[in-house]
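Report on one structure; see the data block that follows.
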Amino acid sequence: MLQPATLATLLALSLAPAPIAPARTAHPAHPAQSSAAPAALFPIAKEDLTIHVDRANPEASTTLAQLLDEFSRVTGVTLQMNRETRGVVEKVQPGLNRTMKVPASEVVRIVETLMIANDFIFLRTSDKEPRLWIVQSLHADGGRGSSTLRDQAVSVDEKDLPLWTDHPAALVTTTIDLPNTDVRTLSNSMRMLFTDARTQQIIPVGSNSLILTGFAPSVRSLVRLLRTIDGLSRVDPAAQPPSVEIRAGAKGK
Amino acid sequence: MSASTPNLRGARTARSAASALLLALSLGCTNTAPVDESPDAARPSAVDALFTPPTRGFDVKPSTTLSDLLDDFSEATGWAVLADAGDQRGLANTQVGLQGRRDVPANEVHAFVESVLVTHGYAFSLASAREPRILRVVPLRGPGASLSRSGAGPVDVELADLERWEREHPGFVLRALVRLEHADGRALANSLRALVRDPNLEVVVPVGDGRTVILSGLAPWMRETRDLIAELDLADAGTRGGSVNRTH
């Protein structure tokens with residue numbers, strides 16, 4: 001004979017949604033944007049890189065195009081961009097206010113930081129040698145061309161998200177289970193915080209799972225926030241549910 | 254007015270008299286900021302770890318532009334400043350707007366520069382929290398405003414650190430969770446929306462079991478709103494205390 005608590009547990013398990021498949025089932029990812037550890041996807045630069053800024057002589061300052069050429073040289077990644085993007089990166093400087101020497105170990109992170117600040121991201125079309133990445137403007141075709149960017153996000157296990165925070169221009173998708181939370185209500189509330197439909201998405205799945213898409217640091221930050229919220233919503237099984245008694249003559253009946 | 258619908262104006266005027274109580278209550282509002290356990294990640298809640306003291310101060314003239322000010326800021330703090338082409342033009346064409354010269358001592362560099370930025374509609378976001386360190390300038394309002402700017406998310410902070418952020422770093426968009434002890438988060442958030450001056454910048458969102466609220470905005474607004482929530486939560490407790498008896 002099963003104890004009532006055991007029966008309740010079994011019932012809860014039987015009603016619980018099935019484990020959620022990786023997000024790529026909901027969003028067919030670009031073939032190259034598959035789940036993997038970032039160490040395998042991003043090369044390490046072979047030498048330092050210097051970004052020159054000369055306010056008095058702007059011609060002497062590094063442009064985005066020159067920065068990308070240097071990035072390509074020190075990482076071995078071949079970059080591809082369309083004519084429209086090439087036209088922009090040749091005219092625009094990264095936007096720093098001082099010359100910066102970037103250590104080899106930080107080259108990919110810093111270049112991604114400068115790219116995203118100028119509304120560009122990298123899309124990897126080949127993760128093996130020879131590596132080929134596309135430089136994509138978030139405003140391509142007046143924003144229409146970038147409407148499917150989030151579909152090209154990399155599927156990442158939640159436990160691997162910390163490894164991705166050094167890639168601020170990487171779009172990632174992850175699935176989290178929040179056992180103590182009504183995810184439909186939560187996702188409706190959270191939509192206020194999802195302000196860029198090109199790159200961000202929150203989708204409730206079943207009753208307790210969420211698919212989150214966005215830039216890696218943002219997704220990681222949101223996951224931490226949601227985990228905290230879910231933890232706060234946990235019902236302590238040891239606590240007796242209080243019964244509320246309204247006293248006679250009390251206000252607010 | 255019914256005791257179950259607290260008077261916000263009355264609650265505000267009572268703030269100074271109840272400061273000691275508020276302090277206790279603000280501590281009572283559960284500090285729920287997530288803890289980042291990765292060793293190399295930014296620890297925005299630890300203000301001291303993130304911001305080392307500037308090495309020197311500088312003079313600011315009325316004609317100093319925001320670009321010049323940020324150059325002085327970089328020299329004093331070691332933070333490089335990043336802005337896109339449009340914002341760079343805006344910074345270069347905007348004067349600080351002081352009435353006279355101002356000597357900014359080293360220990361006031363961050364607060365002064367960030368206050369000036371906010372006055373002119375800009376904020377900082379953390380672009381690279383470790384060497385080489387970079388702060389990004391983002392506009393607070395308009396289509397490219399901070400919260401909608403790619404890669405320029407708010408800094409998750411501890412509730413208990415809000416006073417320090419307000420005093421020392423008023424130019425960052427922050428985010429924190431407030432845990433309510435008594436009030437209903439959804440009703441409270443609906444009430445507080447009337448106090449949101451800019452919905453693209455200031456956010457009050459009830460989440461989870463209805464007793465947790467996400468706050469996001471600049472530190473002064475965050476601190477004010479947190480204190481107001483504490484008052485309302487306390488008022489709600491008072492109402493319930495007079496009418497509800499929990500038994501089991």
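Heads up: the sequence lines are chains A and B, in that order. For what it's worth, this note's numbering labels the leading residue of the first sequence as 1, then goes sequentially. For what it's worth, this note's numbering labels the leading residue of the second sequence as 254, then goes sequentially. Note that CB positions come from ideal geometry on N, CA and C, so glycine has one too. In this text the structure is predicted, and so the values were computed from the model without any measurement.
{"query": "So which of 422/B, 415/B, 336/B has the shortest CA-CA distance to residue 118/A?", "result": "336/B"}
{"query": "Distance, Cα to Cα, residue 451/B vs residue 473/B?", "result": "14 Å"}
{"query": "Is DSSP giving residue 464/B helix, strand or coil here?", "result": "coil"}
{"query": "Can we count residue 195/A as close to the ligand HEM, meaning its CB is less than 7 Å from some heavy atom?", "result": "Annotation note on the ligand HEM: not contained in the displayed structure, which lists no ligands."}
{"query": "Residue 371/B and residue 424/B - do their beta-carbons sit closer together than 8 Å?", "result": "yes"}
{"query": "Helix, strand or coil, according to DSSP, for residue 233/A in the structure here?", "result": "coil"}
{"query": "Residue ranges of each alpha helix (DSSP H) run of no fewer than 4 residues wholly in the stretch 160–187 of chain A, ordered along the chain?", "result": "161–164"}
{"query": "Measure the C-alpha to C-alpha separation of residue 364/B and residue 202/A and round it to an integer number of angstroms.", "result": "36 Å"}
{"query": "For residue 231/A, collect the residues of the same chain with a Cβ closer than 8 Å to its Cβ; drop the 5 residues on either side in sequence, then sort them by chain order.", "result": "180"}
{"query": "Secondary structure at residue 457/B, three-state DSSP: helix, strand or coil?", "result": "strand"}
{"query": "Against residue 218/A, what residues of chain B qualify as contacts under a CB-to-CB distance less than 7 Å, listed in chain order?", "result": "406"}
{"query": "List the residues that DSSP assigns as beta-bridge partners of residue 133/A.", "result": "79/A, 124/A"}
{"query": "Under three-state DSSP, which class holds residue 486/B?", "result": "helix"}
{"query": "Just confirm the distance between the C-beta atoms of residue 428/B and residue 381/B, as a whole number of angstroms; I'd bet it's less than 8 Å.", "result": "That pair is no contact at about 19 Å."}
{"query": "Would you please state the rounded distance, in angstroms, between the beta carbons of residue 352/B and residue 317/B? I believe it to be under 8 Å.", "result": "Actually they are not in contact, since the Cβ atoms of residue 352/B and residue 317/B sit about 13 Å apart, beyond 8 Å."}
{"query": "From the DSSP output, which residues share a beta bridge with residue 391/B?", "result": "376/B"}
{"query": "Alpha carbon to alpha carbon, how far is residue 97/A from residue 174/A? Give it in angstroms, no decimals.", "result": "35 Å"}
{"query": "For residue 152/A, count neighbouring Cβ atoms within 10 angstroms of its own Cβ and tell me buried if that reaches 16, exposed if not.", "result": "buried"}
{"query": "Can you look up residue 426/B in the DSSP assignment and give me helix, strand or coil?", "result": "strand"}
{"query": "Could you give the distance in angstroms between the alpha-carbon of residue 104/A and the alpha-carbon of residue 130/A?", "result": "20 Å"}
{"query": "Would you mind giving the Cβ-Cβ distance between residue 385/B and residue 90/A, rounded to the nearest angstrom? I have them listed as a contact below 8 Å.", "result": "Going by Cβ atoms, the distance from residue 385/B to residue 90/A rounds to 24 Å, so no, they are not a contact pair."}
{"query": "Let me make sure I understand the geometry here. Which of 59/A, 38/A, 55/A, 71/A has the alpha-carbon closest to that of residue 45/A?", "result": "71/A"}
{"query": "Can you name the start and end residues of the alpha helix (DSSP H) that residue 341/B belongs to?", "result": "338–345"}
{"query": "When the distance is taken between beta carbons, is residue 108/A closer than 8 Å to residue 42/A?", "result": "yes"}
{"query": "How should residue 488/B be labelled, buried or exposed, when 16 other C-beta atoms within 10 angstroms of its C-beta is the threshold for buried?", "result": "buried"}
{"query": "Does the distance from the CB of residue 441/B to the CB of residue 485/B come in under 8 Å?", "result": "yes"}
{"query": "Check residue 433/B in the structure and name its three-state DSSP category.", "result": "coil"}
{"query": "Taking all protein chains shown into account, decide if residue 411/B is buried (16 or more other Cβ within 10 angstroms of its Cβ) or exposed.", "result": "buried"}
{"query": "Below 8 Å between beta carbons is the criterion; list the residues of the stretch 411–442 of chain B that meet it against any residue of chain A, in chain order.", "result": "428, 430, 432"}
{"query": "May I ask you to report which of helix, strand or coil DSSP gives residue 149/A?", "result": "helix"}
{"query": "According to the neighbour-count rule (16 or more other Cβ atoms, all chains shown, within 10 Å of its Cβ), is residue 333/B buried or exposed?", "result": "buried"}
{"query": "Smallest Cα separation from residue 171/A: which of 178/A, 138/A, 95/A?", "result": "138/A"}
{"query": "Answer with yes or no whether the minimum CB distance from residue 230/A to chain B is below 8 Å.", "result": "yes"}
{"query": "Closest by CA to residue 47/A, which one among 158/A, 68/A, 73/A, 183/A?", "result": "73/A"}
{"query": "Out of curiosity, what's the CA-to-CA distance linking residue 31/A and residue 125/A?", "result": "Low confidence applies to residue 31/A: its pLDDT is 40, below 50, so where it sits in the model is not reliable, and the reading given next is rough at best. Approximately 8 Å between the Cα atoms of the pair."}
{"query": "Return the first residue and the last residue of the alpha helix (DSSP H) that residue 324/B is part of.", "result": "319–330"}
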